[in-house]
Amino acid sequence: MLEPVLLAGETYALPRDWNRDQGLGYWFSEGNEVFVSEDAGEIAGCYFLHANQRGGGAHVANCGYVTSAASTGRGIATAMCEHSLQRAAELGFRAMQFNFIISTNERAVKLWQRLGFAIVGTIPQAFDHPQLGYVDAFVMHRML
-1 MLEPVLLAGE
9 TYALPRDWNR
19 DQGLGYWFSE
29 GNEVFVSEDA
39 GEIAGCYFLH
49 ANQRGGGAHV
59 ANCGYVTSAA
69 STGRGIATAM
79 CEHSLQRAAE
89 LGFRAMQFNF
99 IISTNERAVK
109 LWQRLGFAIV
119 GTIPQAFDHP
129 QLGYVDAFVM
139 HRML
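Going by my numbering, the first residue of the sequence shown is number -1, and it counts up by one from there.
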């Protein structure tokens, strides 16, 4: 599930030539809590949760989410985000921030906004999309 999304290079600013081990190493990095969402006995999605920064910025959480192609549009991302917000609050985080949401990932942008995130910054032409060329990226934030 991770490999096709990461290799497509459309929603994460990661090397498009990573192998499986490098992708898994990123997702399961030290300090990440990783959660899996199941639907009818199948893995439907997963996400990681960690501190967005160290030291004075460690009270703000950050997450990355992936859903399987078969689970798109079935509420899995909504459920994972809601779970991550709850878990982040349980861990004592005061806010959640997404650092680099690709502007052309419209489904994600709309979902995050529906769940209370605001676009607090736009980084012009920050992402070289494999089909669309240079597009903006958003910083999105919400308090917990």
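In this text, a Cβ means the ideal position worked out from N, Cα and C, and glycines have one as well.
Delimiting residues of the beta strand (DSSP E) encompassing T65: 58 to 65
Backbone CA spacing between R41 and N30 [nearest angstrom]: In the sequence under discussion, the amino acid at residue 41 is Ile, which differs from the Arg named in the question. Computed Cα separation, rounded: 19 angstroms.
Alpha carbon of I74 to alpha carbon of G131, nearest angstrom: 29 angstroms
Where Q123 sits in the DSSP three-state scheme: strand
Opposing strand residues paired with G131 [DSSP bridges]: H127
G119 vs V137 beta-carbon contact at 8 angstroms: yes
Contacts around A86, its chain only, beta-carbon distance under 7 angstroms, and the 5 residues preceding and following it disregarded: L47, A59, M94, L142
Nearest neighbour of I99, chosen from A67, E88, L109, R92 [CA to CA]: L109
Paired residues, beta bridge with M138 - DSSP: F96, I117
Local conformation of G55 per DSSP, three classes: helix
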